[in-house]
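> Can you read through this structure? Questions will come right after.
There are 2 protein chains.
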Amino acid sequence: MTAIKETSVIQENKSNAFSNCPVTFVMERIGGYWKPIILFNLLTGTKRYNELKKSIPTITEKMLIQHLKQLEADGLVIRKAKPVVPPFVTYQLSKKGKELRPVLYAMAEWAVSNSGQQTEQFKKQMEDFPK
Amino acid sequence: MTAIKETSVIQENKSNAFSNCPVTFVMERIGGYWKPIILFNLLTGTKRYNELKKSIPTITEKMLIQHLKQLEADGLVIRKAKPVVPPFVTYQLSKKGKELRPVLYAMAEWAVSNSGQQTEQFKKQMEDFPK
DNA sequence: GTATGTACTTCCATAAAAGTAAGTACAATT
DNA sequence: AATTGTACTTACTTTTATGGAAGTACATAC
Chain A
1 MTAIKETSVI QENKSNAFSN CPVTFVMERI GGYWKPIILF NLLTGTKRYN ELKKSIPTIT
61 EKMLIQHLKQ LEADGLVIRK AKPVVPPFVT YQLSKKGKEL RPVLYAMAEW AVSNSGQQTE
121 QFKKQMEDFP K
Chain B
1 MTAIKETSVI QENKSNAFSN CPVTFVMERI GGYWKPIILF NLLTGTKRYN ELKKSIPTIT
61 EKMLIQHLKQ LEADGLVIRK AKPVVPPFVT YQLSKKGKEL RPVLYAMAEW AVSNSGQQTE
121 QFKKQMEDFP K
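Line order of the protein sequences matches chains A and B. Each residue of the first sequence is one higher than the last, beginning at 1 in UniProt numbering. Each residue of the second sequence is one higher than the last, beginning at 1 in UniProt numbering.
Have a look at this one:
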């Protein structure tokens with residue numbers, strides 16, 4: 001697989017003078033486009049790899065796995081694999097991961113009030129927003 | 001200047017089937033590494049270009065301006081320029097931008113409770129977290 | 001013995017983001 | 001006439017992210 005770069009810009013910033021900005025701290029872990037979306041889709045609970053894939057139709061397998069691995073490495077998601085064939089692997093949020101709910105929730109609320117056209121769609125999504 | 005690409009992956013996703021995810025909607029606007037950091041630094045109020053640069057020491061001028069332009073184009077920040085020489089330009093959050101405060105605040109709180117070593121530094125930053 | 005399902009992995013190509021360094025305008029100051 | 005300050009621009013390079021497509025393991029079903 002594509003190695004998780006240990007020296008991305010994001011990683012490097014960990015050790016610079018700006019590391020005392022809490023928002024930076026968060027972006028180092030969930031920055032980028034896909035991670036919040038993946039986390040959002042795990043808020044509803046444990047999902048198999050395939051289910052996750054289906055719930056995010058536009059992500060490629062490579063991206064999905066790569067980010068899942070990174071999220072796992074950062075302790076935000078927990079991977080569980082049953083030793084069976086064909087494989088049975090589930091992903092779920094860790095405690096740390098679940099604590100991101102307020103962040104994702106605040107995002108969703110902002111989307112609802114600033115989306116114009118899509119507001120109604122978003123509102124529907126909000127109805128079953130996991131507590 | 002480097003043109004703001006109109007067809008980035010992020011932009012394209014706007015029109016795909018996944019566009020009914022509110023978190024995606026948010027990431028389309030503030031996704032990436034720098035934007036939340038810039039917005040965070042504008043929460044404390046109007047700032048001149050130079051002040052902003054100083055408060056985010058690791059950002060390059062190119063990145064700062066590029067993102068400011070995009071944020072302005074998305075209606076999240078307001079640019080005001082006095083017709084003087086040398087230039088006097090300020091940036092501030094728009095209403096829409098200010099409404100991102102809960103998102104940024106939730107991020108900051110998560111950072112405080114999940115940071116281990118840097119917790120104390122973050123707490124300090126939180127003290128003057130704008131209301 | 002061929003096909004199926006699941007969760008990946010690998011290689012190669014492209015696109016986007018970010019970094020580097022130098023340059024610009026122009027009034028006011030020295 | 002040269003220097004300063006501010007807010008940018010521009011051209012070029014490097015790094016990182018993403019895409020696409022094919023391949024792998026292996027128990028079970030057909």
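Even glycine gets a Cβ: it sits at the ideal position worked out from N, Cα and C.
Identify every residue that forms a DSSP beta bridge with residue 82/A.
Here residue 82/A refers to the residue found at position 82 of the first sequence. In DSSP, residue 82/A forms a bridge with 88/A.
> Could you work out which residue in 74/A, 49/A, 75/A and 107/A is closest to residue 64/A when comparing CA atoms only?
The residue given as residue 64/A occupies position 64 in the first sequence. When only C-alpha atoms are compared, the closest one is 49/A.
> Tell me the rounded alpha-carbon separation between residue 117/B and residue 125/B.
For the purposes of this step, residue 117/B is taken as residue 117 along the second sequence, with counting starting at 1. For the purposes of this step, residue 125/B is taken as residue 125 along the second sequence, with counting starting at 1. Rounded to whole angstroms, residue 117/B to residue 125/B spans 15 Å at the Cα level.
> Which partner residues of residue 48/B appear in the DSSP bridge assignment?
Numbered from its first residue, the second sequence carries residue 48/B at position 48. Residue 48/B pairs with 90/B.
> Any beta carbon of chain B sitting closer than 8 Å to that of residue 60/A?
Here residue 60/A refers to the residue found at position 60 of the first sequence. Chain B, which has no Cβ nearer than 8 Å to the Cβ of residue 60/A, makes this no.
> Can you find a C-beta in chain B that's less than 8 Å from the C-beta of residue 114/A?
One-based indexing of the first sequence puts residue 114/A at position 114. It does: the Cβ of residue 114/A has a partner Cβ on chain B nearer than 8 Å.
> Ignore the nearest five residues each way along the sequence and tell me which others in residue 14/A's own chain have a CB closer than 8 Å to its CB.
Looking up residue 14/A in the first sequence gives position 14. Confidence in residue 14/A is poor, its pLDDT being 34 and thus under 50, which makes the residue's placement unreliable; the coordinate value appears in the next sentence. These residues qualify, in order along the chain: 28.
> Which chain B residues are close to residue 71/A, counting only those with a beta carbon under 8 Å from its beta carbon?
In the first sequence, counting from the first residue as 1, residue 71/A sits at position 71. Residues of chain B passing the Cβ test: none, with the nearest at roughly 13 Å.
> Say whether chain B places a C-beta atom closer than 8 Å to the C-beta of residue 37/A.
Locating residue 37/A in the first sequence gives position 37, where the first residue counts as 1. Chain B, which has a Cβ nearer than 8 Å to the Cβ of residue 37/A, makes this yes.
> Which one or two residues does DSSP pair with residue 133/A in a beta bridge?
Not covered by the structure: residue 133/A. The range shown for chain A is 1 to 131.
> Below 8 Å on the Cβ atoms is my contact criterion, and I expect residue 71/A with residue 35/A to pass it. Report the Cβ-Cβ distance as a whole number of Å.
As a working mapping, residue 71/A is identified with position 71 in the first sequence. As a working mapping, residue 35/A is identified with position 35 in the first sequence. With 8 Å as the limit, residue 71/A and residue 35/A qualify as a contact, their Cβ atoms being about 7 Å apart.
> So with Cβ pairs under 8 Å, would you call residue 32/B a contact of chain A?
Taking the second sequence and counting its residues from 1, one reaches residue 32/B at position 32. Yes, its Cβ sits closer than 8 Å to a Cβ of chain A.
> Checking 8 Å against the spacing of the C-beta atoms, do residue 107/A and residue 23/B come in under that value?
In the first sequence, the residue the question calls residue 107/A occupies position 107. In the second sequence, the residue the question calls residue 23/B occupies position 23. Yes, the Cβ-Cβ distance between residue 107/A and residue 23/B is below 8 Å.
> Under the three-state reduction of DSSP, which class applies to residue 42/B: helix, strand or coil?
The sequence position of residue 42/B within the second sequence is 42, counting from 1. Three-state DSSP puts residue 42/B in a helix.
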